[in-house]
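K.L.:
Attaching a single structure in structure tokens format; questions to follow.
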Amino acid sequence: MNTPQLLTGGSAQDPSFNQPLLPCLLTAINNTVQDSQITIAVSFIRHSGWRLLQDALFEALNRGVKLIIVTSDYLDVTEPVALREMMLLAERGAEIKIYESASNAGFHLKSYLFIQHNDQQRITGLGLVGSSNISKAALTSSLEWNWQLKVNDALTSDAAQSLLALQAQLAKLKQDSRVVPLSHYRIDAYLQRYQDSPLTQLRTITGDHASDDETLRETPLPNAVQEAALAALQQTRQLGFKRGLVVMATGLGKTWLAAFDARQLKAKKLLFVAHRDEIIRQAQATFIRMNPSAHTGLYNGQQQQAADWLFASIQTLGRDHHLQQFAHDHFDYIIVDEFHHATAPTYRRLLDHFRPQFLLGLTATPDRTDQADILALCDDNLVFERGLRDAIVERHLVPFIYQGVYDEFINYDEIPWRNGRFDPQALDAAFASQKRAKHALEKWLEFSQSRTLAFCISTRHADFMARIFNAAGIKSVAIHSKSAMPRNQALTELADGTLQVIFSVDLFNEGTDLPAIDTLLMLRPTESRIVFLQQLGRGLRLCAGKTHLMVVDLVGSHKACLFKPELLREVTQAVTGTVDTATPSLPDGCFINLEPQLLPLMDQLRYGGRVKVVDDYRRLKEQLGYRPTAVQAFQAGFDFTKLRKKHGSWFELVFSEDDLTPSQIRVLDKLKDFLLIGIETTPLTKSFKIILLQALLEIDGLSKPPTLQALAEQSRYVLERQPDLLQLDLSATQQAMTADSKAWLSYWKGNPIKHSSNVGNNRKVAEAGKDYDIAAAAQDKTAQYWFSRNNERYTPDFSFPETELDTLHQMMQELIDLRLAEYKRRKTNALAKH
Numbered sequence: 001m002n003t004p005q006l007l008t009g010g011s012a013q014d015p016s017f018n019q020p021l022l023p024c025l026l027t028a029i030n031n032t033v034q035d036s037q038i039t040i041a042v043s044f045i046r047h048s049g050w051r052l053l054q055d056a057l058f059e060a061l062n063r064g065v066k067l068i069i070v071t072s073d074y075l076d077v078t079e080p081v082a083l084r085e086m087m088l089l090a091e092r093g094a095e096i097k098i099y100e101s102a103s104n105a106g107f108h109l110k111s112y113l114f115i116q117h118n119d120q121q122r123i124t125g126l127g128l129v130g131s132s133n134i135s136k137a138a139l140t141s142s143l144e145w146n147w148q149l150k151v152n153d154a155l156t157s158d159a160a161q162s163l164l165a166l167q168a169q170l171a172k173l174k175q176d177s178r179v180v181p182l183s184h185y186r187i188d189a190y191l192q193r194y195q196d197s198p199l200t201q202l203r204t205i206t207g208d209h210a211s212d213d214e215t216l217r218e219t220p221l222p223n224a225v226q227e228a229a230l231a232a233l234q235q236t237r238q239l240g241f242k243r244g245l246v247v248m249a250t251g252l253g254k255t256w257l258a259a260f261d262a263r264q265l266k267a268k269k270l271l272f273v274a275h276r277d278e279i280i281r282q283a284q285a286t287f288i289r290m291n292p293s294a295h296t297g298l299y300n301g302q303q304q305q306a307a308d309w310l311f312a313s314i315q316t317l318g319r320d321h322h323l324q325q326f327a328h329d330h331f332d333y334i335i336v337d338e339f340h341h342a343t344a345p346t347y348r349r350l351l352d353h354f355r356p357q358f359l360l361g362l363t364a365t366p367d368r369t370d371q372a373d374i375l376a377l378c379d380d381n382l383v384f385e386r387g388l389r390d391a392i393v394e395r396h397l398v399p400f401i402y403q404g405v406y407d408e409f410i411n412y413d414e415i416p417w418r419n420g421r422f423d424p425q426a427l428d429a430a431f432a433s434q435k436r437a438k439h440a441l442e443k444w445l446e447f448s449q450s451r452t453l454a455f456c457i458s459t460r461h462a463d464f465m466a467r468i469f470n471a472a473g474i475k476s477v478a479i480h481s482k483s484a485m486p487r488n489q490a491l492t493e494l495a496d497g498t499l500q501v502i503f504s505v506d507l508f509n510e511g512t513d514l515p516a517i518d519t520l521l522m523l524r525p526t527e528s529r530i531v532f533l534q535q536l537g538r539g540l541r542l543c544a545g546k547t548h549l550m551v552v553d554l555v556g557s558h559k560a561c562l563f564k565p566e567l568l569r570e571v572t573q574a575v576t577g578t579v580d581t582a583t584p585s586l587p588d589g590c591f592i593n594l595e596p597q598l599l600p601l602m603d604q605l606r607y608g609g610r611v612k613v614v615d616d617y618r619r620l621k622e623q624l625g626y627r628p629t630a631v632q633a634f635q636a637g638f639d640f641t642k643l644r645k646k647h648g649s650w651f652e653l654v655f656s657e658d659d660l661t662p663s664q665i666r667v668l669d670k671l672k673d674f675l676l677i678g679i680e681t682t683p684l685t686k687s688f689k690i691i692l693l694q695a696l697l698e699i700d701g702l703s704k705p706p707t708l709q710a711l712a713e714q715s716r717y718v719l720e721r722q723p724d725l726l727q728l729d730l731s732a733t734q735q736a737m738t739a740d741s742k743a744w745l746s747y748w749k750g751n752p753i754k755h756s757s758n759v760g761n762n763r764k765v766a767e768a769g770k771d772y773d774i775a776a777a778a779q780d781k782t783a784q785y786w787f788s789r790n791n792e793r794y795t796p797d798f799s800f801p802e803t804e805l806d807t808l809h810q811m812m813q814e815l816i817d818l819r820l821a822e823y824k825r826r827k828t829n830a831l832a833k834h
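Just so you know, the sequence shown maps onto residues 1 to 834 in the UniProt record's numbering.
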């Protein structure tokens, strides 16, 4: 179409004005491809309108679209909070500018230009010029007139020339001296003027309701759950803890909690870390809403000098050369979101490097066995927990109905199972079955509600299922990294009823708010408890008119499918009645229904029996969906004495189950005795030997032998993070010593450094790979030394290849976490008896 068209925007109450601008803008944004260009010039931007466009604009930027936005401070109508959020685009490559109106002419432009393709012969694009600024009212309900020109023609055509004329004027505007790059400092100055402006009433003529502006200018308040968590965080810091874990079910507002706690702590320098940019961007927006005065910044490999609150991906900041740009105490407050990922080496490096006033880990991990690994990273300090059951009972989330459907057309015994998961290619091939797809369709028709999110095993599977459902007249789309429809468009169409089903692979597992979803269709086995609960959380959000979530799950005859009903009972049921008559109780409105064919399979899973340590190990591995760590086994009730009698040591048990990597096998072969005698079974009258090893790892002491002073200072820092150990193991006099004092160095050199190391080299027992008699070594005290003190440095007395250093570090850390958990429980039980 090369003929101009008038869009007459309005609301449903104005049938003659039925072409609001928002759908046209979203379609134009979503139709852009790599190397397309979007240019927007509007006199003001309100937050209410910005949030309607921002997801589509971010996705366009990620596709490689060039994005230019020019707005103004004219009449103090543009909202500072919108400008702060636009800085998030600028940090990711967009060109964001502002026209400064002081002593300059007014700025009344409302223009939108989309150049999809221009090969110097033909041009494809869309231009809009009219009355609509960026506000919710202007884009959806106000009476607005906008000329639209769509062009797909030769450059010499009149329509193409008109579009190019608009492009030229916008380019000229961008170069105008009154148009300057947006920055935090310019927003600071504008924010003060905005708050003091006498033109408050003038803002009502923008079409926004006055209450929209008032809501944004008020200080956000925590809800009841967040208030309880904030009180617990305040108390844990008063007790002296420097790290803590908060567990909150999806939908309870973990990110808002972190923002409120940053305000409570009065953090000046803050670091927020996550593993996906979408989570980081949403967190930045939340922190901006909480405090529009704050300077937030995305870390992109260089320090952001203008940013007080820095947001970073672990993939970038977790690298050593990036960490070295920051002093250990650079940040007052560090927040690590989705903390169940934090056991990865990149997170460990980050946690070891920084010494903030407080470090907060956030997760929705369901139980202490799952939490054991990540709790160790937070010094075993579980600050606050509000699980799925509480969230449903307290009406923060909707109840669920779980409908387990027998997956009769897949023989899971024929699909290879390796390293705790099905072979993906074999599973993908098996799921490309017309019978299974039509079975899923029949069950979906029987149980579904209005808006469904379906989880698939692969992009091929998602595309296949979308074709089957569309052929049956069900409006469906597959959304994945290669799909044609942008994700924001799919979510919008699902919310407004244009779509009925979205088939997804892993884009919606975490970090996405989908309140309109009322049905989940589980079309794949999910080996991980955490992933399953994250998927469940996508549909539990409250939404107007939504009474419950329906979960339709195709359950096969395999442990990776059968655990889900049991997990739901575990995380949502309460025990009622007396001890003799206790029965499990789900929250009101929640039901778990299973087809008859599944009942005997569930009984086999539930009553398989436990006769050996290895059976416990296998059961725990199946429950978690991955190889358990030593501390997870401890929290699950393993008898380590019995384990060592049968298998020798923890890692030898893991080796016997083929769960060690080749690198771990090599380390175990060379340093089995150090791992067993030096860590796993070393006697602990106090925690000092383990604290010493923890400090050694945190300062990279295996590769760079530290001075005794540096080791003593780091040991003190590790102790101070755990005030329970500090008070248990140090006298009042020792507690009063500072980390850098001569008194503390003298004390720590005398105990434990002296008792864990020899003067000079001691290769007698620790030479890599040498076999010796453990019983005889126990009689020879010199054989217990695994480290030496050389020239005031603490040096390993065993050799190992540098290529295995990271692996040794991880294996030592796993045993250190175990020993600290054992020690704390032993001391706690002893105190309870007294």
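From the three backbone atoms N, C-alpha and C, an ideal C-beta is built for every residue, glycine too.
Between the Cα of Asn501 and the Cα atoms of Thr526, Leu533, Leu155 and Ala462, which residue gives the shortest distance?
P.N.:
Reading off the sequence, residue 501 comes out as Val, not Asn. Of the candidates Thr526, Leu533, Leu155 and Ala462, the one whose C-alpha sits nearest the C-alpha of Val501 is Ala462.
K.L.:
Take residue 846 and list the residues in its own chain whose beta-carbon comes closer than 7 Å to its own, dropping the five residues that flank it on each side.
P.N.:
This structure cannot speak to residue 846, because the chain is shown only from 1 to 834.
K.L.:
When the Cα of Ala613 is compared with those of Pro587, Asn152 and Thr641, which residue comes out closest?
P.N.:
Residue identity differs from the one stated: residue 613 is Val in this sequence, not Ala. The shortest C-alpha separation from Val613 is found at Thr641.
K.L.:
With contact counted as at least three CB pairs below 8 Å, one residue from each stretch, are the stretch 102-116 and the stretch 34-44 in contact?
P.N.:
Touching, yes, given that three or more Cβ pairs across the two stretches are closer than 8 Å.
K.L.:
On a CA-only basis, which of Val336, Pro345, Asp176 and Pro356 is nearest Phe326? Give me that one, please.
P.N.:
Answer by Cα proximity: Pro356.
K.L.:
What residue range does the beta strand (DSSP E) around Gly244 cover?
P.N.:
Gly244 -> beta strand (DSSP E) spans Arg243 to Met248.
K.L.:
Between the alpha carbons of Arg610 and Ser656, how many angstroms are there, rounded?
P.N.:
Residue confidence is low: Arg610 scores 46 on pLDDT, short of 50, so the model does not pin down where it sits. Its coordinate-derived value is still stated next. Between Arg610 and Ser656, the C-alpha separation is close to 18 Å.
K.L.:
For Thr156, is the classification buried or exposed, using 16 other Cβ atoms within 10 angstroms of its Cβ as the cut-off for buried?
P.N.:
It is exposed - the Cβ of Thr156 has fewer than 16 other Cβ atoms within 10 Å.
K.L.:
Suppose you measure from the CA of Glu802 to the CA of Leu653; what does that come to, to the nearest Å?
P.N.:
Taking the straight line joining both Cα atoms gives about 25 Å.
K.L.:
Going by beta-carbon coordinates alone, are Gln284 and Leu88 separated by less than 7 Å?
P.N.:
Result yes, Cβ atoms of Gln284 and Leu88 sit closer than 7 Å.
K.L.:
Between the C-alpha atoms of Ile774 and Ser687, what's the straight-line distance to the nearest angstrom?
P.N.:
Bear in mind that the predicted position of Ile774 carries a pLDDT of just 37, short of 50, making it unreliable; the figure below should be weighed with that in mind. Near 23 Å, if we compare the C-alpha coordinates of Ser687 and Ile774.
K.L.:
Give a yes or no on whether the C-beta atoms belonging to Glu59 and Asn488 are separated by under 7 Å.
P.N.:
The answer is yes: Cβ separation under 7 Å.
K.L.:
Would you grab the beta carbon distance between Leu660 and Trp650 for me? Rounded to a whole angstrom, and I think it's under 8 Å.
P.N.:
Not a contact, Cβ separation roughly 11 Å.
K.L.:
When you compare each of Phe354, Glu566, Gly648 and Val336 to Gln714 by their alpha carbons, which one comes out closest?
P.N.:
The option with the nearest alpha carbon to Gln714 is Phe354.
K.L.:
To the nearest whole angstrom, what separates the beta carbons of Leu693 and Leu808, a pair I think is in contact under 8 Å?
P.N.:
That belief does not hold up - the Cβ atoms of Leu693 and Leu808 are roughly 12 Å apart, past 8 Å.
K.L.:
Verify whether the separation of the beta carbon atoms of Leu388 and Ala249 is less than 7 Å.
P.N.:
In this structure, Ala249 lies closer than 7 Å to Leu388 by Cβ.
K.L.:
Count the other C-beta atoms from every protein chain shown that fall within 10 angstroms of the C-beta of Asn751, then say buried if there are 16 or more, exposed otherwise.
P.N.:
With fewer than 16 other Cβ atoms within 10 Å, it is exposed.
K.L.:
Helix, strand or coil: which one does DSSP assign to Ser715?
P.N.:
If DSSP states are grouped into helix, strand and coil, Ser715 belongs with the helices.
K.L.:
Among all the DSSP beta bridges, which residues are the ones paired with Gln425?
P.N.:
For Gln425, which the question treats as bridged, DSSP gives no partner whatsoever.
K.L.:
Going along the chain, which residues of its own chain have a beta-carbon closer than 7 Å to the beta-carbon of Asn18, five neighbours each way excluded?
P.N.:
So the list reads Gly10, once near-sequence residues are dropped.
K.L.:
At the level of alpha carbons, what is the spacing between Gly577 and Arg460?
P.N.:
At Gly577, the pLDDT of 44 sits below 50, so the modelled position is not reliable; the number obtained from the coordinates is stated separately. Roughly 50 Å separates the two Cα atoms.
K.L.:
Answer yes or no: do Glu814 and Ser663 have a C-beta to C-beta separation smaller than 7 Å?
P.N.:
No, the Cβ-Cβ distance between Glu814 and Ser663 is not below 7 Å.
K.L.:
Pairing CB atoms from the stretch 310-323 with CB atoms from the stretch 242-257, are three or more of them under 8 Å?
P.N.:
No: the two stretches stay apart, fewer than three of their Cβ pairs being nearer than 8 Å.
K.L.:
Output the residue ranges of the alpha helix (DSSP H) runs that lie fully inside the UniProt domain "Helicase ATP-binding" (235-384) and measure 4 residues or longer, sorted by chain position.
P.N.:
Runs found: 254-265, 277-290, 314-317, 320-323, 345-353 and 368-377.
K.L.:
If you run the structure through DSSP and keep just helix, strand and coil, what is Trp444?
P.N.:
It is helical.
K.L.:
What separation, rounded to the nearest whole angstrom, lies between the Cα atoms of Val579 and Gln573?
P.N.:
In this predicted model, Val579 has a pLDDT of only 40, less than 50, meaning its place in the structure is not dependable; the value taken from the coordinates is given anyway. C-alpha separation (whole angstroms): 16 Å.
K.L.:
Under a Cβ-count criterion, where at least 16 other Cβ atoms within 10 Å of its own Cβ denotes burial, should residue 920 be classed as buried or exposed?
P.N.:
The question about residue 920 has no answer here: the residues shown for the chain are numbered 1 through 834.
K.L.:
Does the pairing of the stretch 138-146 with the stretch 159-169 give three or more beta-carbon distances under 8 Å?
P.N.:
Cβ pair count under 8 Å is below three, so no.
K.L.:
Which residue spans inside the stretch 114-155 form an unbroken beta strand (DSSP E) run of at least 3?
P.N.:
Those beta strand (DSSP E) runs which fall completely within the stretch 114-155 and span 3+ residues are 122-130 and 144-154.
K.L.:
Does the Cβ of Arg826 have 16 or more other Cβ atoms within 10 Å, making it buried, or fewer, making it exposed?
P.N.:
Under this definition Arg826 is an exposed residue.
K.L.:
Comparing the CB of Gln425 with every heavy atom of the ligand SAH, is any distance shorter than 6 Å?
P.N.:
Annotation note on the ligand SAH: not contained in the displayed structure, which lists no ligands.
K.L.:
Leaving aside the five residues before and after Ser293 along the sequence, list all residues of the same chain whose C-beta is less than 8 Å from its C-beta, in chain order.
P.N.:
Once the five neighbours on either side are set aside, the close Cβ partners of Ser293 are Asp188 and Leu191.
K.L.:
State the DSSP-derived secondary structure class of Trp786, mapped to helix, strand or coil.
P.N.:
Of the three classes helix, strand and coil, the one that applies to Trp786 here is coil, per DSSP.
K.L.:
Do the stretch 437-453 and the stretch 466-475 make contact, defined as three or more Cβ pairs closer than 8 Å?
P.N.:
Short answer: they touch.
K.L.:
Taking three-plus beta-carbon pairs below 8 Å as touching, is the stretch 224-237 in contact with the stretch 377-392?
P.N.:
Verdict: yes, contact present.
K.L.:
Can you look up Ala495 in the DSSP assignment and give me helix, strand or coil?
P.N.:
In the structure shown, Ala495 sits in a helix (DSSP, three-state: H, G or I).
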